[in-house]
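Peer 1:
In the working numbering, the protein residues as written are 162 to 338.
(1) Put residue 331 into one of helix, strand or coil per three-state DSSP.
(2) Going by C-alpha distance, which of 201, 235, 215 is nearest residue 223?
(3) Enumerate, from N- to C-terminal direction, the unbroken beta strand (DSSP E) stretches of 3 or more residues contained entirely within the segment 197-284.
(4) What three-state label does DSSP hand residue 304 in the structure shown?
(5) For residue 234 and residue 304, what's the separation of their Cα atoms in angstroms?
(6) Give the straight-line distance between the Cα atoms of residue 256 and residue 265, rounded to the nearest whole angstrom.
(7) What are the partner residues of residue 190, as DSSP defines its beta bridges?
(8) If you draw a straight line from the C-alpha of residue 299 to the C-alpha of residue 293, how long is it?
(9) DSSP on residue 298, reduced to helix/strand/coil?
(10) Quick one: is residue 285 buried, meaning 16 or more other Cβ sit within 10 Å of its Cβ, or exposed?
(11) Given a cut-off of 8 Å on the beta-carbon distance, is the pair residue 333 and residue 189 in contact?
(12) According to DSSP, residue 287 sits in a beta bridge with which residue or residues?
(13) Considering only the beta carbon of each residue, do residue 278 and residue 317 sit closer than 8 Å?
(14) How many angstroms separate the CA atom of residue 244 from the CA atom of residue 218?
(15) Please work out which residues of its chain come closer than 6 Å, Cβ to Cβ, to residue 251, disregarding the five sequence neighbours upstream and downstream, and give them in chain order.
(16) Using the C-alpha atoms, what's the distance from residue 240 back to residue 263?
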């Protein structure tokens with residue numbers, strides 16, 4: 162009887178772990194130009210993984226080619242030309258950096274660096290933000306804004322000198338099922 166009970170508990174544990182691994186949290190931010198009439202559109206997809214929050218971004222209609230700062234900001238609003246999104250998401254009160262390389266001790270939790278915009282106005286970005294989530298108790302970005310900046314993030318202090326906000330979207334978790 163003990164062996165059967167142990168096997169049953171083991172199978173339930175394995176089943177629960179498998180369900181957890183399959184049911185990763187996902188979210189999307191629909192990116193629109195900050196100014197009315199702006200041609201900027203795009204999408205940022207977010208997915209929790211074992212390595213952290215995987216971010217996949219595609220934008221089109223960006224007027225100036227080259228690198229543009231792209232960050233998660235502290236509030237979930239795109240009002241006032243994106244200024245209502247507040248500053249970079251920085252729950253640990255640390256300096257500005259590039260989170261995937263610098264870690265939480267030397268970068269804001271929302272620091273994603275730059276997205277490279279081609280001559281045709283399109284750009285993509287893929288990276289993983291370690292220890293950032295959509296559902297966790299710490300570094301949870303669900304409901305916050307992503308901001309596309311007008312200039313390059315040069316990683317200067319305190320926010321990278323990336324200039325104005327030309328695109329914005331709100332991170333919204335997808336409903337399971």
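By construction, the Cβ of each residue, glycine as well, lies at the ideal position given by its N, Cα and C atoms. Bear in mind that the values here come from a model prediction, so they are computed numbers and not experimental data.
Peer 2: Answer, in terms of the structure:
(1) strand
(2) 201
(3) 202-210, 213-221, 227-234, 272-278
(4) coil
(5) 10 Å
(6) 9 Å
(7) 205
(8) 7 Å
(9) coil
(10) exposed
(11) yes
(12) 217
(13) no
(14) 21 Å
(15) 269
(16) 31 Å
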